[in-house]
Structures are given as structure tokens and as C-alpha cells.
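Counting in full-length UniProt numbering, the sequence shown runs from 1 upward without gaps. No residue lacks a Cβ here, since even glycine has one placed at the ideal position from N, Cα and C. Worksheet for the structure shown next.
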Amino acid sequence: PCGLVFGDYFYIGWGGNADGKTKIYKFDGSSLSGELFSITAFKPHYSCVCNGQMYWLFGPHMNQGSSAAVNYYLYRTPTGDVGSWEHLKTFSTNPISSHGKYRTKGCVGCLNNKLYVAVQNIAYRMDVG
């Protein structure tokens, strides 16, 4: 799972579900909400808060069976509520052979109020307003 605190809640992303989707929930300290968002992706890789919004990067399992292209999906939400999730960009990359496996990795973070996404050792500064 991947998670972060935003506002008065702890948001949790669970991947690897039987239906092939990653699902986002929020926890208020005593109970877990219903599903807020779901995407067909193996897992949430990273999340961050930047300029008052949550950003999540969803994508494949780190280990792949080949070097065939895989996708990462960048989303943001100003509230975390159902219907507030906006797709910003899809990143396509090819896994790299390492120690007999094909591996891929992505992350998202905020530096000096600028959003950055790194996918397969390439960092992108995102102009997201």
C-alpha cells in the first residue's frame, strides 16, 4: 500500500486486488471510508501533496516478464472525494533488464512547490498550475 496524510484524513491506496484495480480509501482515525477512486493499475507507486493538492502515481508491478512497454498514470485531486480525481498524464516506458528480471519504477514528489515525476530514471518537471 501507499498512503499520505491530507487534510484531516490518512489516504490509503491498495493495489494487487483480484479485479486488477488499485483502490483509494480514507481513514479518519476510527473508520475506513468506502472506495473513493479506482484505476486499472497494479499499485500506487508514490503520492505527495504539492500546492494544496494530492498527486498519485499508479503503475505496474516492479518486476515484469519482458521489456514490453508499461504505463504509469499521474492523477491529482484537490479534495480526495469521489469524482474529484483528474488524470494528468500517462508515461510509457520499457522495463530495464537487471539481475535476470525486467524492472521498472516510478515516483512523484514536490520540490520548491514544483511537481516532479520520475519514471525509469528520467525526471520530469510537471507544469500543472
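Could you tell me the boundaries of the beta strand (DSSP E) in which residue i lies?
i: residue 135; result: Residue 135 lies beyond the residue range present for the chain, which begins at 1 and ends at 129; the question has no answer from this structure.
i: Thr90; result: Glu86 to Thr93
i: Leu36; result: Unbroken run through Leu36: none, as it is neither H nor E.
i: Ala18; result: Run containing Ala18: none; DSSP gives neither H nor E here.
i: Leu115; result: Lys114 to Val119
Assuming residue i and residue j are in contact, meaning their beta carbons sit under 8 Å apart, how far apart are those beta carbons, in whole angstroms?
i: Thr90; j: Gln120; result: Contact flag wrong, Cβ pair sits at about 14 Å.
i: Gly59; j: Tyr72; result: 4 Å
i: Gly16; j: Phe10; result: Not confirmed; about 20 Å, so no contact.
Applying the 10 Å Cβ sphere with the 16-neighbour rule, what's the burial state of residue i?
i: Ile39; result: buried
i: Ala41; result: buried
i: Gly106; result: buried
Have a look at the DSSP bridge pairing and note the partners of residue i.
i: Gly59; result: Lys43
i: Gly7; result: Paired residues: none, contrary to the question.
i: Ser97; result: Tyr102
Any 3 or more C-beta pairs closer than 8 Å across the stretch 44-62 and the stretch 26-33: Contact between the stretch 44-62 and the stretch 26-33 is absent: fewer than 3 CB-CB pairs across the two stretches fall below 8 Å.
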